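Student: Got a structure for you, written out below as structure tokens; questions coming shortly.
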Amino acid sequence: MKVLAITFCFFFFFILTNTKFSVCIGFCRENEQQALESLKKEVYDPTNSLSSWIVGKDCCEWEGVVCHNLTRHVIELHIGSDLNGSYDLRINNFEWLPSLFNLENLNISSVDLGNATNWLHVINMLPSLVDLRLYDCSLQHIPPLLYHNFSSLETLDLSMNNFSSSIPKWIFNLPSLVSLDLSDSNLIGPFPEGPVNFTSLTTFRASGNSFNCLLPRWLFDLNNLQYLELRTSGIEGAMPCEARNVTKLKNLDLTWNNLNSTIPNWLYQCKDLESLSLSINNIEGVVSNAVTNLSSITSIDLSENMLSGKLPNVIGKLSKLGSLVLFENQFEGEIFELFNSRSNFLPAGLRNRSSLTRLRLGNNKLTGILPESLGQLSMLEWFDISNNRLEGFVTESHFTNWTQLRYFFAYDNNLTLKVSHNWIPPFQVIYIAIGGWNIGPLFPMWFQTQKYVQHVDISNGGIQGEVPTWFWNISSQFEVLDLSHNQFVGEVPTISTCNYCYMLLGSNNFSGPLPQVSPNVVDLDLSNNSFSGGLSHFLCEANKNGSYRLEILNLEGNDLSGEIPDCWMNWPQLMVLNLGDNNLIGGIPRSMEVLCNLKSLDLRRNRLTDPLPSSLANCTKLLKIDLAENEFVGQLPPWLGMKFLDLIILSLSSNKFYGELPPEICHLKELQILDLANNSFFGTIPRCISNLTTMVAGDKLEKVDIEYDFDGLGYVVRERAIVTTKDNIYQYDKTLALVTSMDMSNNNLSGDIPISFTSLVGLRFCNFSKNHLTGRIPNGIGDMKVLESLDLSENQLSGQIPQSLSSLSTLSFLNLSYNNLSGKIPVSTQFQSFNFSSFQGNELCGLPLLANCSSGGQNPNVDTEKDESDEDELDWFYIAMSIGFGLSFWGVCSCLLFKRSWRHAYYRFLDSCWESLCVKIQIWGWI
Numbered sequence: 001m002k003v004l005a006i007t008f009c010f011f012f013f014f015i016l017t018n019t020k021f022s023v024c025i026g027f028c029r030e031n032e033q034q035a036l037e038s039l040k041k042e043v044y045d046p047t048n049s050l051s052s053w054i055v056g057k058d059c060c061e062w063e064g065v066v067c068h069n070l071t072r073h074v075i076e077l078h079i080g081s082d083l084n085g086s087y088d089l090r091i092n093n094f095e096w097l098p099s100l101f102n103l104e105n106l107n108i109s110s111v112d113l114g115n116a117t118n119w120l121h122v123i124n125m126l127p128s129l130v131d132l133r134l135y136d137c138s139l140q141h142i143p144p145l146l147y148h149n150f151s152s153l154e155t156l157d158l159s160m161n162n163f164s165s166s167i168p169k170w171i172f173n174l175p176s177l178v179s180l181d182l183s184d185s186n187l188i189g190p191f192p193e194g195p196v197n198f199t200s201l202t203t204f205r206a207s208g209n210s211f212n213c214l215l216p217r218w219l220f221d222l223n224n225l226q227y228l229e230l231r232t233s234g235i236e237g238a239m240p241c242e243a244r245n246v247t248k249l250k251n252l253d254l255t256w257n258n259l260n261s262t263i264p265n266w267l268y269q270c271k272d273l274e275s276l277s278l279s280i281n282n283i284e285g286v287v288s289n290a291v292t293n294l295s296s297i298t299s300i301d302l303s304e305n306m307l308s309g310k311l312p313n314v315i316g317k318l319s320k321l322g323s324l325v326l327f328e329n330q331f332e333g334e335i336f337e338l339f340n341s342r343s344n345f346l347p348a349g350l351r352n353r354s355s356l357t358r359l360r361l362g363n364n365k366l367t368g369i370l371p372e373s374l375g376q377l378s379m380l381e382w383f384d385i386s387n388n389r390l391e392g393f394v395t396e397s398h399f400t401n402w403t404q405l406r407y408f409f410a411y412d413n414n415l416t417l418k419v420s421h422n423w424i425p426p427f428q429v430i431y432i433a434i435g436g437w438n439i440g441p442l443f444p445m446w447f448q449t450q451k452y453v454q455h456v457d458i459s460n461g462g463i464q465g466e467v468p469t470w471f472w473n474i475s476s477q478f479e480v481l482d483l484s485h486n487q488f489v490g491e492v493p494t495i496s497t498c499n500y501c502y503m504l505l506g507s508n509n510f511s512g513p514l515p516q517v518s519p520n521v522v523d524l525d526l527s528n529n530s531f532s533g534g535l536s537h538f539l540c541e542a543n544k545n546g547s548y549r550l551e552i553l554n555l556e557g558n559d560l561s562g563e564i565p566d567c568w569m570n571w572p573q574l575m576v577l578n579l580g581d582n583n584l585i586g587g588i589p590r591s592m593e594v595l596c597n598l599k600s601l602d603l604r605r606n607r608l609t610d611p612l613p614s615s616l617a618n619c620t621k622l623l624k625i626d627l628a629e630n631e632f633v634g635q636l637p638p639w640l641g642m643k644f645l646d647l648i649i650l651s652l653s654s655n656k657f658y659g660e661l662p663p664e665i666c667h668l669k670e671l672q673i674l675d676l677a678n679n680s681f682f683g684t685i686p687r688c689i690s691n692l693t694t695m696v697a698g699d700k701l702e703k704v705d706i707e708y709d710f711d712g713l714g715y716v717v718r719e720r721a722i723v724t725t726k727d728n729i730y731q732y733d734k735t736l737a738l739v740t741s742m743d744m745s746n747n748n749l750s751g752d753i754p755i756s757f758t759s760l761v762g763l764r765f766c767n768f769s770k771n772h773l774t775g776r777i778p779n780g781i782g783d784m785k786v787l788e789s790l791d792l793s794e795n796q797l798s799g800q801i802p803q804s805l806s807s808l809s810t811l812s813f814l815n816l817s818y819n820n821l822s823g824k825i826p827v828s829t830q831f832q833s834f835n836f837s838s839f840q841g842n843e844l845c846g847l848p849l850l851a852n853c854s855s856g857g858q859n860p861n862v863d864t865e866k867d868e869s870d871e872d873e874l875d876w877f878y879i880a881m882s883i884g885f886g887l888s889f890w891g892v893c894s895c896l897l898f899k900r901s902w903r904h905a906y907y908r909f910l911d912s913c914w915e916s917l918c919v920k921i922q923i924w925g926w927i
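If you use our numbering, the sequence shown corresponds to residues 1 to 927, in order.
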């Protein structure tokens, strides 16, 4: 009994001295109490996040403070978002911290420490510190040296700061460190070179930085490393070919870098590896059969690389793999038959039951048929083979055991769905996207069995006839419904209530009046159908008691008529409005001024009239204005260039605009496409044209296309632009970011082409034809290195073709016909490849024209041009000299004529000079 009592006391003492409680009995140490009270007084806490820190009350009972159960020392301190989720705290100094001598765990999260420059020096005075976390604290500097090492530190988290520096060497010499997190801290420069003292490190996270270097060799010599994450960190070059010591790795994430090697063989020997992500790199080669050695793997993501491969026939035999993700690769060859021996290790009763839940192979270049063995993946929940080159039939056998399937992405393949008319799928999907498959001609009746489907894409499926009534009745449960690019006919009924949905019914043969829609529809695409009638019923009469959430409305390419109604106050969320290619008349209604979120306005190819209303100036977020091919009149208002500072596309061609081009148009610095062709503008081309800085920028690779992404559903609407160039009409969407175009053709513009025009070195397409331009073609036009098309025909330009124009290797279209140009056509492979019609109607000679030049085979262009300019300079020299001589002569004479004293002095000077000359002549005579 005595022994039992002693044992119990010993056990109880052990518990007291070796455990930590957040709630304790008794007061904490006096000096530590005072230190925390000092912190409470000096911390900036506008939201009262430290409200539980009541001065005079035991600090061990304060929230975020943990005391040792026996010694009463403060051993843990947690301040910041871990308390009340506040981000308003600010601590300016750490003078209170050294009193917490026994502190083991310091966690300060989402607290502004930007002014606390002494933080590391003070923290270094805590010899017992084991866990240090300064996450999201606005720190801007890591001191390069430590006065004493953190010999006991096991966890260091400095993520989500803004250091703007390289990692100091001392961090890599913490022998007890187990976890290091430097993610998203704006670290730059390469990793320090080895050796490092990381014998205990198991976790290293440094994603979201800009190291821009190779993977350090020492990183793969860490015996205990289990988690390595360097996503989006500028890692480049090859992965190490050997890494024998990395045997405990569980998670490797090198996504979104610039790795360009093959997958190293040592990686397949990491038998504890559970997650592998090398997506969005330039990794080449194939996936080796040795991947079957990864016995613990649950997720593989090799997306957006340069791997070669083909979907293996034994893909359905995958087992004990939680997730295989090869999403968005650029496969070009064959993936070997992987995992083919895996199932042999399972008991016989489990060999047909796979644990694979995610299989993503989308956005590759996979070819061949879809293996029927996929039907064996009974636990599959997410399947993605979208955007490949697969072909052949998909039958009921492919879905045999897919009872758990919820997400099915398979669009953009050349597959044919071949199932019976009364087929009942074993799955209940939430998301099904099979657009681009051959599904028709009958409507897929098996959709009647899907009770929970929210996203349906059966676009471009060859389906004909009317949409069944039962399908319209379940449309209220859809978030996305894409029936576009089929051959549906009939009327579209009222689209009933949905929570937040996208209705894409374009490019069919729907007819009748426009349907009324639910106020919760976000995107409505009814374009390229045969809807008729006016817009009033659709826009003005529905939902009179509220407003719509509609952000995109596309009614382009129908037979709509009448005026645009003046009731846009019901549609305040509208971002994209396309009413182009209809039969609308009248002007732009005033109520459009309420569309303050409008980014794209397309009214092209209607019969709209009147001047541009000033109310349109309120739509200051516009990125695109396309009013081409209408009958708008009047001058361009100055506010067009003052209000739309973010405008990228301005197309006003084929209207009845007139007057001079306002200089305010030069304020549109973001403009990429300017189309003013086929109007009646006169005057000169504005000299300020060089202010269009986006056209000045030669490098467009960093520009992105205009896209509208909605609510994170992955549905993106891409903006487009129609450009007339090279005597053809082109539509740009996916490459819109690279297009820069200026078209002022077929107007009454006069004067010369301003020299400032040649500073638009990022311009690709230019058309100034059919005007009254005079003068020379600027010599600096050769600096426009990306110019692809240049049309200056049917003007009155004179002089010679600049030799620099022949140096434009990108120029694929040139028309200088019907001007007053003279001299020899520059000699270059580029110029001689153009048709003779590009130069006819001038006084030019040389190939490709038949007229020979009289210069004996020599190219007179440069010398002649130089002679002409020299003659001009010589003429101006004589003129200036004559004027100067005349002014000087008459200036002196005027002074002598009107100033008697100067006249007498001048005569005396002449007399003295004459006498002196006579004396010298006599002396020379004597000599």
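Ideal Cβ placement from N, Cα and C applies to all residues, glycine included.
Here the structure is a predicted model, which is why all the values come from computation and not from measurement.
1) Applying the 10 Å Cβ sphere with the 16-neighbour rule, what's the burial state of Ser680?
2) Opposite Leu844 in the DSSP bridges: which residues?
3) Please give me, in chain order, every unbroken run of the beta strand (DSSP E) with length at least 3 that falls completely inside the stretch 241 to 271.
4) Rounded C-beta distance between Asn746 and Lys726? I'm assuming under 8 Å.
5) Mind checking whether Ser159 and Ile188 have CB atoms under 8 Å apart?
6) Would the beta-carbon of Leu505 fall within 8 Å of that of Asp525?
7) How big is the Cα-Cα spacing for Asp602 and Met575?
8) Out of curiosity, what's the CA-to-CA distance linking Arg72 and Gln34?
9) In the DSSP assignment, find the unbroken alpha helix (DSSP H) run with Gln226 in it and report its ends.
10) Can you tell me whether Ile424 is buried or exposed, with buried defined as 16 or more other CB within 10 angstroms of its CB?
11) Going by other Cβ atoms of all chains shown within 10 Å of its Cβ, with 16 needed for buried, is Arg205 buried or exposed?
12) Which runs of the beta strand (DSSP E) spanning at least 3 residues fall entirely within the stretch 588 to 622, listed in chain order?
13) So which of Asn819, Arg244, Pro802 has the shortest CA-CA distance to Phe768?
14) Determine the DSSP secondary structure at Gly928, reduced to helix, strand or coil.
15) For Asn18, which residues from the same chain have a beta carbon less than 6 Å from its beta carbon, with the 5 sequence-adjacent residues on both sides left out?
16) Quick check on Phe510: does DSSP put it in helix, strand or coil?
17) So, are the CB atoms of Leu849 and Phe836 less than 8 Å apart?
18) Could you check the C-alpha separation between Asn293 and Tyr227 for me, to the nearest Å?
19) Would you mind sorting Ile369 into buried or exposed? The rule is 16 or more other CB atoms within 10 Å of its CB.
20) So within the stretch 60 to 137, which uninterrupted beta strand (DSSP E) runs reach at least 3 residues, ignoring any that extend past its ends?
21) Rounded to whole angstroms, what is the Cα-Cα separation between Cys9 and Val65?
22) Three-state secondary structure (DSSP) at Asn197?
23) If Leu647 sits next to Cys666, beta carbons under 8 Å apart, how far is it from one beta carbon to the other, in whole angstroms?
24) Please return the same chain residues whose Cβ sits closer than 6 Å to the Cβ of Tyr431, not counting the five positions on each side in sequence.
25) Determine which residues share a DSSP beta bridge with Gln487 and list them.
26) Work out the CA separation of Pro778 and Gly799 for me, nearest whole Å.
27) Please report how far the alpha carbon of Glu32 lies from the alpha carbon of Leu103, in whole angstroms.
28) Which value, in whole angstroms, describes the spacing of the CA atoms of Gly465 and Asn509?
29) Could you name the residues of the same chain whose beta carbon sits closer than 6 Å to that of Glu664, not counting the 5 residues immediately before and after it, in chain order?
30) Can you give me the C-alpha to C-alpha distance between Leu182 and Leu219, rounded to a whole angstrom?
31) Say whether the stretch 750 to 760 touches the stretch 729 to 739, bearing in mind that this needs 3 or more beta-carbon pairs closer than 8 Å, one atom from each stretch.
32) To the nearest angstrom, how far is the alpha carbon of Phe1011 from that of Gly846?
33) So the candidates are Gln404, Asn93, Pro441; which of them puts its Cα closest to the Cα of Phe488?
34) Who are the near neighbours of Trp96 in its chain, counting only those whose CB is closer than 6 Å to its CB and skipping five residues on each side?
35) At the level of alpha carbons, what is the spacing between Asn570 and Ile585?
36) Just tell me which of Ser164, Ile458, Gln796, Pro175 has its CA closest to the CA of Phe150.
Tutor: If we stick to the structure as given:
1) Classification for Ser680: exposed.
2) Gly823
3) 251 to 253
4) With a Cβ gap of about 16 Å, Asn746 and Lys726 do not count as contacting.
5) no
6) yes
7) 11 Å
8) 14 Å
9) Neither: Gln226 is in no alpha helix (DSSP H) and is coded neither H nor E.
10) Exposed, because fewer than 16 other Cβ atoms sit within 10 Å of the Cβ of Ile424.
11) buried
12) 600 to 602
13) Phe768 has its Cα closest to that of Asn819, out of Asn819, Arg244, Pro802.
14) Limits of the chain in this structure are 1 at one end and 927 at the other, which puts residue 928 out of reach.
15) Low local confidence applies: a pLDDT of 44 at Asn18 is under 50, so the model's placement there is unreliable, with the coordinate-based value given in what follows. For Asn18, where only same-chain residues beyond five positions count, there are no Cβ hits under 6 Å.
16) In the structure shown, Phe510 sits in a strand (DSSP, three-state: E or B).
17) yes
18) 19 Å
19) The residue is exposed, with fewer than 16 neighbouring Cβ atoms inside 10 Å.
20) 65 to 68, 74 to 80, 105 to 109, 131 to 133
21) Its pLDDT being 44, under 50, Cys9 is placed unreliably by the model, and the measurement read from it follows with that caveat. About 28 Å.
22) Here Asn197 sits in coil by DSSP.
23) The pair is not a contact, with the Cβ atoms about 12 Å apart (cut-off 8 Å).
24) Tyr407, His455
25) Gln464
26) 10 Å
27) 10 Å
28) 9 Å
29) Pro638, Gly641, Met642
30) 15 Å
31) no
32) Beyond the ends of the chain as shown, which are 1 and 927, falls residue 1011; an answer cannot be given.
33) Nearest C-alpha to Phe488: Pro441.
34) Excluding sequence positions up to five before and after Trp96, its CB lies within less than 6 Å of the CB of Ala35, Ser38, Leu39, all in the same chain and listed in chain order.
35) Using only the alpha carbons, I get a separation of about 21 Å.
36) Pro175
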